[in-house]
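Undergrad:
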Amino acid sequence: MAKIPYTYVPFPIAACEAHPEGTTAYRPIAVATITASNGESLRWVVLPDSGADACLFPLTLAIMLKLDVLHLPKAMTGGVGSQSNTTYYDTVSIDMGNGIVFDAYAGFTQGMDSVGMGLLGQQGFFEAHNVEFRHSEKIYTIEKILPV
Amino acid sequence: MATAVVDFTGLLKGIPSGAWVAISERQHKVMAYGADAQAVLSESQEKGEGRPLIVRVPDQEAAMFL
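Line order of the protein sequences matches chains Y and H.
Mapping of the first sequence onto this note's numbering: position 55 corresponds to residue 55, and the numbering continues sequentially without gaps.
Mapping of the second sequence onto this note's numbering: position 47 corresponds to residue 47, and the numbering continues sequentially without gaps.
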């Protein structure tokens with residue numbers, strides 16, 4: 001399977017006490033089509049995050065996908081900046097283009113609304129793909145792992 | 001050739017922090033923005049962009065630790 005290249009995207013960081021001149025964060029984001037179990041789909045920004053146990057999206061996306069969140073299975077999840085969030089789960093299809101398509105049992109939580117983008121975590125994404133980050137070139141590649 | 005995404009820096013300039021934004025799939029231009037993501041999607045669809053990319057302007061242009 002081919003390694004599909006994606007580019008990092010620069011995000012300017014405003015000047016502050018810690019960074020008086022401001023700085024630029026390069027983030028390995030991509031655009032994906034997220035399709036929920038009910039067939040509804042939307043295009044969303046995603047970020048590979050090997051530190052995330054599973055794929056995680058803003059709760060707003062679940063509502064826009066017309067998922068009945070109160071009837072979805074739920075669990076408490078934690079992360080940087082939050083003690084605990086109720087997270088609702090649905091099996092979604094994530095299509096990043098160029099043949100990178102996979103299913104993931106993904107979480108939706110209000111704690112991600114302030115971030116806005118979705119995280120591609122270990123379950124569903126990293127377990128099924130080899131991901132190579134070449135930060136110096138501002139490129140990363142995704143290679144689907146073929147089932148044995 | 002790497003798959004490039006939208007240049008958000010220029011597109012989102014001037015849009016308030018925390019706003020949800022609908023971006024045209026083909027033309028890479030802002031179709032609608034506001035505090036309510038569903039309303040932003042609806043406005044974009046009314047303008048003829050049925051499958052916009054939905055993004056959120058960060059609350060602050062700050063470093064992010066996930």
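The beta-carbon is built from N, C-alpha and C at its ideal position, and this holds for glycine as well.
A quick note: this is a predicted structure, and the numbers were derived from the prediction, not measured.
How about Y:Leu42 and H:Ile54: are their beta carbons less than 9 Å apart?
TA: In this structure, H:Ile54 lies closer than 9 Å to Y:Leu42 by Cβ.
Undergrad: Leaving out five residues before and five after Y:Gly79 in sequence, what residues of the same chain have Cβ atoms less than 7 Å from its Cβ?
TA: Within the same chain, Y:Gly79 has close Cβ partners Gly111.
Undergrad: Taking the runs of the beta strand (DSSP E) that are 3 residues or longer, which of them lie wholly in the segment 25-64 of chain H?
TA: The qualifying runs are 30-34 and 53-56.
Undergrad: Consult DSSP for Y:Leu149 and reduce its assignment to one of helix, strand or coil.
TA: Residue 149 of chain Y lies beyond the stretch modelled for chain Y, which goes from 1 to 148, so this question has no answer here.
Undergrad: Of all Cβ atoms in chain H, is any one closer than 9 Å to the Cβ of Y:Asp95?
TA: Judged by the 9 Å Cβ criterion, Y:Asp95 is not in contact with chain H.
Undergrad: Closer than 9 Å, Cβ to Cβ, to anything on chain H: give me those residues from the segment 35-54 of chain Y, in chain order.
TA: So the close ones are Ser41, Leu42, Arg43, Trp44, Val45, Leu47, Asp49, Gly51 and Ala52.
Undergrad: State the DSSP-derived secondary structure class of Y:Glu137, mapped to helix, strand or coil.
TA: Correct three-state label for Y:Glu137: helix.
Undergrad: By alpha-carbon positions, which one of Y:Pro147, Y:Val148, Y:Gln122 and Y:His129 ends up nearest to Y:Lys3?
TA: Y:Lys3 has its Cα closest to that of Y:His129, out of Y:Pro147, Y:Val148, Y:Gln122 and Y:His129.
Undergrad: What first and last residue would you give for the beta strand (DSSP E) that runs through Y:Leu119?
TA: From DSSP, the beta strand (DSSP E) with Y:Leu119 extends over Gly118 to Leu120.
Undergrad: Going by DSSP, what residue range makes up the beta strand (DSSP E) through Y:Leu193?
TA: Outside the shown range of chain Y (1 to 148) lies residue 193 of chain Y, about which nothing can therefore be said.
Undergrad: How would you label H:Ser44, buried or exposed, when you count the other beta carbons within 10 angstroms and need 16 or more for buried?
TA: Buried: at least 16 other Cβ atoms inside 10 Å.
Undergrad: Rounded to a whole number of angstroms, what is the C-alpha to C-alpha distance between Y:Leu146 and Y:Cys16?
TA: Between Y:Leu146 and Y:Cys16, the C-alpha separation is close to 46 Å.
Undergrad: Beta strand (DSSP E) containing Y:Phe126: first to last residue?
TA: Unbroken run through Y:Phe126: none, as it is neither H nor E.
Undergrad: Could you spell out the range, first to last residue, of the beta strand (DSSP E) harbouring Y:Gly79?
TA: Per DSSP, Y:Gly79 belongs to the beta strand (DSSP E) from Lys74 to Gly79.
Undergrad: On a CA-only basis, which of Y:Gly116, Y:Met1 and Y:Glu137 is nearest H:Trp20? Give me that one, please.
TA: Closest option to H:Trp20, Cα to Cα, is Y:Gly116.
Undergrad: Where does Y:Gly107 fall in DSSP's three states?
TA: Y:Gly107: strand per DSSP, three-state reduction.
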